[in-house]
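Enquirer: Sequential numbering from 50 applies to the sequence shown in my numbering. By construction, the Cβ of each residue, glycine as well, lies at the ideal position given by its N, Cα and C atoms. I'd like to ask some things about the structure below.
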Amino acid sequence: MYYIWNSEKNTIIPTKILKAHSAANVLGHPIRSVILEMLSKQNLYPMQIAEALKIHEQKVYYHMNILKKEGFIDAEDIRLPGAAKQYSLKKTAYSFIPKYIDPKHREMSIHDYIAPPEMLKPFVDKGKINCRIIVGSPMPHGKLNRTERCGHLAGDIAAMLGKYGSKDGRLTYVDTDVDNLKGNLIIISGFYVNTVEKEVNSALPIKLNESGTKIISTISGDEFSEPETGFIVKTKNPFDKKYDIIVLAGIEMNGTIAAVQAFTKYFSRIEKGNKLDRNIKAKVVQGIEKKGRIEDVMFLE
């Protein structure tokens with residue numbers, strides 16, 4: 050696989066290497082260039098292209114066959130004899146390397162150059178993980194002398210971040226070892242077992258009530274009290290607005306597991322924001338149990 054690397058934006062785009070004569074044959078023809086432009090917007094039938102360009106349909110088929118042969122477009126698989134095929138553009142870039150160019154070899158990790166989703170960009174910057182994951186201490190601590198049982202979930206978050214970058218030093222911390230709450234933070238579990246969550250809880254649009262027995266949404270005004278209910282919030286760090294925090298917590302352990310599972314499994318839905326205000330990245334989820342384990346989640350808000 051070949052990639053085009055943008056060194057300024059630190060991003061990559063998959064590209065297909067064409068022979069020079071193929072590139073000239075396809076891209077050098079005005080009708081084929083227009084067809085590619087049209088297919089970049091939507092899938093089309095040859096008849097639709099012919100009508101738009103005001104040319105004979107057979108002429109369109111001629112150019113489409115060349116584009117298909119050179120690997121620029123795909124045809125929908127139609128089983129009915131004689132049925133018209135809809136064509137789509139292959140989602141890739143195209144390049145060609147003249148024979149007189151000697152490509153320079155360089156070892157690199159692909160993780161350094163894959164751009165993270167918008168929601169994770171503060172937490173992964175230019176291929177480097179730029180945050181701390183904070184879990185509760187496994188030792189009895191806090192006012193209620195509780196112990197954390199969800200610390201292993203930090204591994205799920207670390208694996209997710211690892212798709213987009215790496216970190217040289219320590220990534221995961223327990224709450225009792227954290228004094229400085231500035232910077233980008235990912236906080237796992239509610240304040241019964243993670244005292245850092247208590248420090249940020251009041252600043253969250255979806256949060257735990259004072260006793261930690263309910264989840265309250267300031268967006269909808271709704272309250273949730275099922276023990277396997279959890280929430281996901283991304284917001285500004287109340288201790289330093291230059292940074293962001295993500296909180297993944299539940300009323301009880303299964304609620305926190307549901308929140309982390311939703312974050313890692315259904316991230317695209319989290320990115321869309323709250324259904325009542327898409328600008329607020331905050332969701333409420335409920336775990337679906339099977340034999341005492343959280344197998345899946347459903348979104349409540």
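Taking 8 Å as the cut-off, does the segment 214-223 touch the segment 251-264 (at least 3 CB pairs, one atom from each stretch)?
Expert: Segment contact: the segment 251-264 against the segment 214-223, fewer than three CB-CB distances shorter than 8 Å; contact not assigned.
Enquirer: Is the segment 230-249 close to the segment 293-311, with three or more CB pairs under 8 Å?
Expert: yes
Enquirer: Answer with buried or exposed for residue 279, where buried requires no fewer than 16 other C-beta atoms within 10 angstroms of its C-beta.
Expert: With 16 or more Cβ atoms within 10 Å of its Cβ, residue 279 is classed as buried.
Enquirer: Between the segment 320-334 and the segment 277-291, do at least 3 Cβ pairs fall closer than 8 Å?
Expert: yes
Enquirer: Three-state secondary structure (DSSP) at residue 123?
Expert: strand
Enquirer: Since residue 182 and residue 207 should fall inside the 8 Å C-beta cutoff, what is the C-beta to C-beta distance between them, to a whole number of angstroms?
Expert: 7 Å
Enquirer: I'd like to check one pair, residue 311 with residue 298: are the Cβ atoms closer than 9 Å?
Expert: no
Enquirer: Spatial neighbours of residue 98 within its chain, please: CB distance less than 7 Å, with the 5 preceding and 5 following residues excluded, ordered by chain position.
Expert: Taking residue 98 as the centre and dropping the five residues before and after it, the same chain places the C-beta of 84, 87, 109 closer than 7 Å to its C-beta, in chain order.
Enquirer: Go ahead and label residue 343 buried or exposed: buried means 16 or more other beta carbons lie within 10 angstroms of its beta carbon, across all protein chains shown.
Expert: buried
Enquirer: Here's the rule: buried if 16 or more other CB atoms are within 10 angstroms of the residue's CB, otherwise exposed. What is residue 274?
Expert: Here residue 274 is exposed. Its C-beta has fewer than 16 other C-beta atoms within 10 Å.
Enquirer: Of the residues 144, 116, 268, which one's Cα is nearest the Cα of residue 253?
Expert: It is 268 whose Cα lies nearest to the Cα of residue 253.
Enquirer: So is residue 266 buried or exposed if we call it buried at 16+ other beta carbons inside 10 Å?
Expert: buried
Enquirer: Could you give the distance in angstroms between the alpha-carbon of residue 341 and the alpha-carbon of residue 135?
Expert: Distance between the alpha carbons of residue 341 and residue 135: 47 Å.
Enquirer: Using CA coordinates, which residue listed in 321, 296, 123 is at the minimum distance from residue 248?
Expert: 296
Enquirer: Determine the direct distance from the alpha carbon of residue 220 to that of residue 163, and round the result to whole angstroms.
Expert: C-alpha of residue 163 to C-alpha of residue 220: approximately 20 Å in a straight line.
Enquirer: Buried or exposed: residue 195, going by 16 or more other Cβ atoms within 10 Å of its Cβ?
Expert: buried
Enquirer: DSSP three-state label for residue 219, please.
Expert: coil
Enquirer: Does DSSP put residue 364 in a helix, a strand or coil?
Expert: Given a span of 50 to 350 for the chain in the structure shown, any question on residue 364 remains unanswerable.
Enquirer: In chain order, which alpha helix (DSSP H) runs of at least 4 residues are fully inside the segment 233-290?
Expert: 244-249
Enquirer: According to DSSP, is residue 160 helix, strand or coil?
Expert: Low per-residue confidence applies at residue 160: pLDDT is 46, beneath 50, and the placement is therefore not dependable, though the value from the model is reported in the following sentence. Reduced to three states, the DSSP call for residue 160 is helix.
Enquirer: Nearest by alpha-carbon distance to residue 68: which of 188, 165, 147 is it?
Expert: Relative to residue 68, the option among 188, 165, 147 whose CA is nearest is 147.
Enquirer: Count the other CB atoms within 10 Å of the CB of residue 55; is the residue buried (16 or more) or exposed (fewer)?
Expert: exposed
Enquirer: Helix, strand or coil for residue 117? Go by DSSP, reduced to three states.
Expert: helix
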